[in-house]
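Participant: Numbering (the numbering used here), first residue to last: 4 to 80.
1) Would you check if the distance between the CB atom of residue 47 and the CB atom of residue 60 is smaller than 8 Å?
2) Straight-line CA distance for residue 25 to residue 10?
3) Give me, in chain order, the residues of the same chain whose beta-carbon lies closer than 6 Å to that of residue 58; leave out the 5 immediate sequence neighbours on both sides.
4) May I ask which residues mark the beginning and end of the beta strand (DSSP E) holding residue 56?
5) Given a cut-off of 8 Å on the beta-carbon distance, is the pair residue 63 and residue 41 in contact?
6) At which residues does the alpha helix (DSSP H) containing residue 42 begin and terminate?
7) According to DSSP, simplified to helix, strand and coil, what is residue 80?
8) I need the boundaries of the alpha helix (DSSP H) containing residue 10, first residue and last residue.
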């Protein structure tokens, strides 16, 4: 049996690290340790009626996307 290439080994390590980070973030959010402002920024859409509610945190998503893009660009160098 042949050994996996170096690129595949690196990809595997990267996926495991991403998985661990996602699990840790999920546990932090589940425990209620997230910042109170997260998801309540000006520009986030929230429509409430007596029978239900619709919530779309668009500004929060944009900020998280920008931060993650900056972090990924640092790691690519």
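Positions of the beta carbon are idealized from the N, C-alpha and C atoms, including for glycine.
On a predicted model such as this, the values are computed, not experimentally measured, just so you know.
Facilitator: This is what the structure holds:
1) Locating residue 47 in the chain shown gives position 44, counting from the first residue. Locating residue 60 in the chain shown gives position 57, counting from the first residue. Yes, they are a contact pair.
2) On the chain shown, residue 25 is found 22 positions in, with the first residue counted as 1. On the chain shown, residue 10 is found 7 positions in, with the first residue counted as 1. Going from the Cα of residue 25 to the Cα of residue 10 covers about 22 Å.
3) Translated into positions along the chain shown, residue 58 becomes position 55. Result list for residue 58: 49, in chain order.
4) Translated into the one-based positions of the chain shown, residue 56 becomes position 53. Its beta strand (DSSP E) spans residues 55 to 59.
5) Indexing the chain shown from 1 puts residue 63 at position 60. Indexing the chain shown from 1 puts residue 41 at position 38. Yes. Within cutoff.
6) Within the chain shown, the letter at position 39 stands for residue 42. Here residue 42 belongs to no alpha helix (DSSP H), and DSSP marks it neither H nor E.
7) Indexing the chain shown from 1 puts residue 80 at position 77. In this structure, residue 80 counts as coil in the three-state DSSP scheme.
8) Counted from its first residue, the chain shown places residue 10 at position 7. Judged by DSSP secondary structure, residue 10 falls within the alpha helix (DSSP H) whose first and last residues are 9 to 33.
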